[in-house]
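Report on the following structure.
Number of protein chains: 2
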Amino acid sequence: MTEQKLSDTQTGPGMDRAAEPAPSGPGGPAGPAVPGPEAIAALRPLGVDQVRLHPEGLLGGWRRRNAEDTLPHCVDNLRGSGNIGNLQAAAGEGEQPFTGMWFADSDVHKTLEAALWELGTSPGDASLEAFVEDTVALLARAQQADGYLNSYFTVAAPEERWRRPDWAHELYCAGHLIQAAVAGGRAGAQPVLLSVARRFADLLVERFGPDGVEEVCGHPEIETALAELYRLTGHRPYLDLARRFLDLRGHGLLGRGRFGPRYHQDHQPVREVREVAGHAVRQLYLLAGMVDVAVETGDLPLLDAAERLWVDAFHTRTYVTGAHGSRHRDEAYGDPYELPPDRAYAETCAAIASFQWNWRLLLATGRARYADEMERAVYNAVAAAVSADGRRFFYSNPLHLRTGHAGSGEEEAARRLPWYSCACCPPNIARLMASLPGYLATADEGGLQVHLYGEATLTAAVAGRPVRLEMRTDYPWQGRVELTVGGEAGQSGPWTLALRVPSWCEAYSVSVGEETVRAPAADGYVRLTRVWTPGTTVVLDLDMPVRQVSAHPRVDAVRGCVTLARGPLVYCLEQADLPPGVVLEDVRLAPAAPITAAHRDDLPGAPVVLSARGVLADAHDPLYTSGASRERTNTPLTLTAVPYFLWGNRTEGPMRVWIPLATTG
Amino acid sequence: MTEQKLSDTQTGPGMDRAAEPAPSGPGGPAGPAVPGPEAIAALRPLGVDQVRLHPEGLLGGWRRRNAEDTLPHCVDNLRGSGNIGNLQAAAGEGEQPFTGMWFADSDVHKTLEAALWELGTSPGDASLEAFVEDTVALLARAQQADGYLNSYFTVAAPEERWRRPDWAHELYCAGHLIQAAVAGGRAGAQPVLLSVARRFADLLVERFGPDGVEEVCGHPEIETALAELYRLTGHRPYLDLARRFLDLRGHGLLGRGRFGPRYHQDHQPVREVREVAGHAVRQLYLLAGMVDVAVETGDLPLLDAAERLWVDAFHTRTYVTGAHGSRHRDEAYGDPYELPPDRAYAETCAAIASFQWNWRLLLATGRARYADEMERAVYNAVAAAVSADGRRFFYSNPLHLRTGHAGSGEEEAARRLPWYSCACCPPNIARLMASLPGYLATADEGGLQVHLYGEATLTAAVAGRPVRLEMRTDYPWQGRVELTVGGEAGQSGPWTLALRVPSWCEAYSVSVGEETVRAPAADGYVRLTRVWTPGTTVVLDLDMPVRQVSAHPRVDAVRGCVTLARGPLVYCLEQADLPPGVVLEDVRLAPAAPITAAHRDDLPGAPVVLSARGVLADAHDPLYTSGASRERTNTPLTLTAVPYFLWGNRTEGPMRVWIPLATTG
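Going down the list, the sequences are from chains A and B.
Heads up, the first sequence is in full-length UniProt numbering, so the first residue is 1 and it goes up one at a time.
Heads up, the second sequence is in full-length UniProt numbering, so the first residue is 1 and it goes up one at a time.
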């Protein structure tokens, strides 16, 4: 364990240990702290085994659905789509010609990572355990003698190994293998998998390290993976290589073809770039790696660069659902304020990557704005990507499916599909949902911080004593959260329970026991400091009125529209709730009329829908008319808005998040 | 000449003979009429040699600029970019490895077509004549023994000949070769070129004809080209093959790969399809071919299908500039009313193809709406694609270049580029501009019809007597058009001069000689029937107030915005006319304030600009805020709008056609 580097202090490294490193196995306590002298960190993560999400709640329900439906579905599809067969061929055990995308291995790695997080919180699923055991053994057999592991470049194109850094995704696949091994290391004991990953990582250090070639991968992922592997193992060359990959960007190594350097985030050095650009998922994974390296090396300018890009991304290029990437072409970020709802590419993986990037920034800085964006993404852009049954997925997540939409391609599908030829998104959802417990709360030397609310039980060490927090809430349907302190809370001396007040919340109340307390939020958190008597219940009651949300005036695409929201949830209109024959694009919201939240029994998974007054616009105009538009509205109608994350679970049909306001009567 | 099939009757074939077939050479009279029994045609085209566009006018200035700048520029670039070298290699005369796109020959063919139209109206340019002579001779030498002519599949990939109908563009290139030969046949004598084209066309009939393979080309063009070659030669197998290519569509021959059948307009048979779809240029060329075949074979259901698709395209998917294709991805049509100004792909070639399609429909039906759309396209979408100096071009023609636009790719360029790696657009502009005279007016058995106004002299036979029409106007800057009748007009008996009243015009007056006449427009034309005394001047005075144009309420992307227009011209705001530091997206138009047309000397080529009152919106909001937008506006400012076709000719910078209306004081 001499190389292990763990932390529970404010300055210790703590990035993306969705589970605290848990060398003693799943559910084990966090290890001893050996923070590096230069590391930056405000908050320390809890392990996935320290938080139990109860399935009665929405987040806990998603986690359970992920375990029971999404994960087995992914495993089935890896087998059916040939991903497992590719690795068997690489191991010399089968005759299957290479099948699928050349980066198909990454789907296996991500599913494996998901399975490892899942088993780390809820061991005992024999089928999942068998998948892990078989897959780890297969990876070990498919690994080449020198440590190389990639079925495409072993089976289909061995002569191309390391030859096409722009497109080969070799380091991207290696990164996901390493992330699986890190999950295995934190959420359970997976020495074989860790050994496979380290052998490959050692090969990377040899080839790409200080004495090696100057190349970077066209698709980031390896940067954050190597930093994570360093955290797990303490082996410094991994971190140094991650940093080297970052430093090599912006020097003309990528994007000489039609896609150009911006697509690959290679147009400027990472410390100088001022705008997010290019392929959104690549940009966001790269940013996660930037934060990882920054905090582990104490590189404040690099952290500043990441935060500067955060401001650019979240002030000018993020959808109200938390989705990123407004262009189908190149799956890319657009210009500032270019946020079309209908052609939102909004790739599922980009929302997940944004969640992971914000998590890293939250740990590094403790700033609530990052938790706000995690919440926005997980309840909207990420959640909408999965069907209610957990077995169908969106790749692209538009905010408006137009009447007459003719999308049949995978990237503009009008309905969730069971699998994709480029299946990056489904297993990415699986690994996020499986590790969800790890993102609810953090610790620091002063106490505990709760960032996301849900039915859950947390245990964490505070001043060396095990403290327990029982969270009871119907969040996000209701804003009331009860937290009961337990365990040895009383023996920890005074400590601070910090509760996030989401940025959408304008009024709230706090009581401790029977007593209502004045607790002004500072920097997005209510902080309650005292010697806690076990059994004390804190109630945070967040006002949750229906909100009309407007976009910045420069967002041309939604001028004159509002989004309906309540709590963290964005709502939408669906064709299924409109009278027959009404075209969704003709619906207008009556601006002054009240919008109410209503209980609804007949819509599984959405106990709260919104009810509003609308009118229909006259659609008999020609395409262009002289004279300023004097839109005529007539027929009044009652509108029902349902949570965006649930759209497309009834009949297939048009949907829109941004609703035009009626401009006349 | 027995196979020649010409017409000057109302029912005779007359499609896209921008010049009437002129077997006796440029400037020669229209030939005798041998209309096929089944042909459909309302109007008969004049030859390019029958209309002289004077360079003092805007259209005539464009034609001259095309001759003096664009065409020589294209010729230079064909040489510099390797297109000529490719054909030399195919002729066995050089060592140049194949260079450029695999359909690079089509750029040569289109430039050749442009040169032939140009020489047909204005012979005597020795350099252009040399280009034609050299190129025709080179094409003859590059042609294979069996008639095949395509440098890529001769030089670079002979084993792939006819192997990849989806992507090879072999028939597309053949089509452009044939179009050049047709131009040569109509605008001058080019027997060698016609022979080359016919040898290739005969090979196509042999391979793809009734006894041949069932294949179609992924990129339409051959359909209209073969119909045109039939018109020139009267050789029926060309027309039958064009029809066969149409009939074979929609039966699963194309689009088995990632692009799918819609991209290739192969998802439904052409007579059944109800919406324009897929790659916009391909769709529009196909539609031109549908009209050609319909009118030549008397196929009313096919013509109906084309008109039905016209309604779909022009009522739901056309930009206010006349541009088509709202998606960068796949260069495609979007969903109905999906018309984002910033991400308008609006390929130059699509606007040209739309112009050609509308011309065919105008000739077939005589309906003014088709001339209206020709006018919209030529003055806006097409014209904007060329720089003021005629030597730079847009491929994509957005209606909004955002502040902060980072486009560097050819398809999202922030400024016109001198040439393109896929250089389809510049020579396409050249061939349209060179043939422009042919689109101004038509004839039928009852008289003459003027569709587009400009400084020009027309000569045409009316009742067998040569009639002359002198057109004097400052159109489109002013709405007054003077037409003086001359020639042997008086000997023709009574005939009808039909003058188009554009759909944008709400009031106009007409006088004949000294007399103001009541002349209500019927179906978009004022029709003046009388025995014309030579020297009589008709004045059509079209009111040309500044218009605020609104889009259909379903066009979400421009809600709350108007376009400023005057006459046929769409105007735009450019950064160059804003005070320093003002962000274009913050500019609002004061809705009630008058907008005036003003003379302007300092803007070359735009004597009339528009002046309006604006205000600036407060841009200090976060990206999303709770509460319906209550946009705050403050600083008033004077706005100058310039013709869209002239944008980007001063400094590079943001531009917008759709201007948001201020919603508050």
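Here a beta-carbon is modelled for each residue, glycine too, at the ideal position from N, C-alpha and C.
Please read these numbers as outputs of a predicted model, since none were measured by experiment.
- Within the same chain, V608, V609, L610, S611 come within 8 Å of A:A598 by CB-CB distance, once the 5 residues on both sides are set aside.
- Cβ contact annotation for B:H405 (same chain, cutoff 6 Å, sequence separation greater than five): A414, in chain order.
- The beta carbon of A:L177 sits closer than 6 Å to those of H109, A197, all from its chain and outside the five residues before and after it, given in chain order.
- Under the Cβ criterion (8 Å, minimum of three pairs), the stretch 414-427 of chain B does not count as touching the stretch 439-455 of chain B.
- Neighbours of A:F314 across chain B, judged by C-beta separation under 8 Å: L623.
- Among the residues facing chain A, B:T473 is not included, as its CB has no counterpart in that chain under 8 Å away.
- Counting the other CB atoms within 10 Å of its CB gives A:T563 a total of 16 or more, which places it among the buried residues.
- C-alpha of B:A67 to C-alpha of A:N83: approximately 59 Å in a straight line.
- In this structure, the alpha-carbon of A:E410 lies about 36 Å from that of A:V51.
- Look at the stretch 315-395 of chain A and you find these whole runs of alpha helix (DSSP H), each 4 residues long or longer: 348-365, 368-376.
- Using a Cβ-Cβ cut-off of 8 Å, B:R559 counts as an interface residue toward chain A, since at least one Cβ of chain A sits closer than that to its own.
- Linking A:C505 to A:D556 through their CA atoms gives a straight-line distance of about 26 Å.
- In this structure, A:Q96 is the residue among A:D211, A:L203, A:L119, A:Q96 with its C-alpha nearest to the C-alpha of A:V155.
- Contacts with chain A at 8 Å (Cβ-Cβ) do not include B:G124.
- For A:A423, no chain B residue has a Cβ inside 9 Å of its Cβ, as the nearest lies near 15 Å away.
- Per DSSP, reduced to three states, the secondary structure at B:I429 is helical.
- Here DSSP, grouped into helix, strand and coil, assigns B:H73 to helix.
- It is roughly 15 Å from the alpha-carbon of B:E56 to the alpha-carbon of B:R480.
- With respect to the 8 Å criterion, B:A385 and B:G289 are not classified as neighbours on the basis of their beta carbons.
- At the C-beta level, B:A371 and B:A42 stay beyond 8 Å of one another.
- For A:R249, there are no C-beta contacts with chain B under 7 Å, since the nearest C-beta of that chain is about 17 Å from it.
- Taking 8 Å as the CB threshold, A:Q548 lines the interface with chain B.
- Apart from the 5 residues on each side of it in sequence, B:A507 sits with its Cβ closer than 6 Å to the Cβ of D543 in its chain, given in chain order.
- For A:M101, the closest C-alpha among the options A:I352, A:C422, A:V583 is that of A:C422.
- Against chain A, a Cβ distance below 7 Å from B:G404 picks out D335, P336.
- DSSP, read as helix, strand or coil, puts B:M544 in coil.
- The shortest C-alpha to C-alpha distance from A:R262 to any of A:G334, A:S195, A:H235 is the one to A:G334.
- Taking a cut-off of 8 Å for Cβ pairs, the stretch 278-289 of chain B and the stretch 312-329 of chain B touch, as three or more such pairs fall below it.
- In the three-state DSSP reduction, B:M290 falls in the helix class (H, G or I).
- For A:L499, the enclosing beta strand (DSSP E) starts and ends at 495-500.
- Taking all protein chains shown into account, A:D76 has fewer than 16 neighbouring C-beta atoms within 10 Å of its C-beta and is therefore exposed.
- Between the stretch 264-272 of chain A and the stretch 192-208 of chain A, the count of C-beta pairs closer than 8 Å stays below three; the two stretches do not touch.
- Taking a cut-off of 8 Å for Cβ pairs, the stretch 225-241 of chain B and the stretch 172-189 of chain B touch, as three or more such pairs fall below it.
- For B:S127, DSSP records no beta bridge to any residue.
- A:G487 sits in a strand when the DSSP states are folded into three classes.
- Under the three-state reduction of DSSP, A:D444 is assigned to strand.
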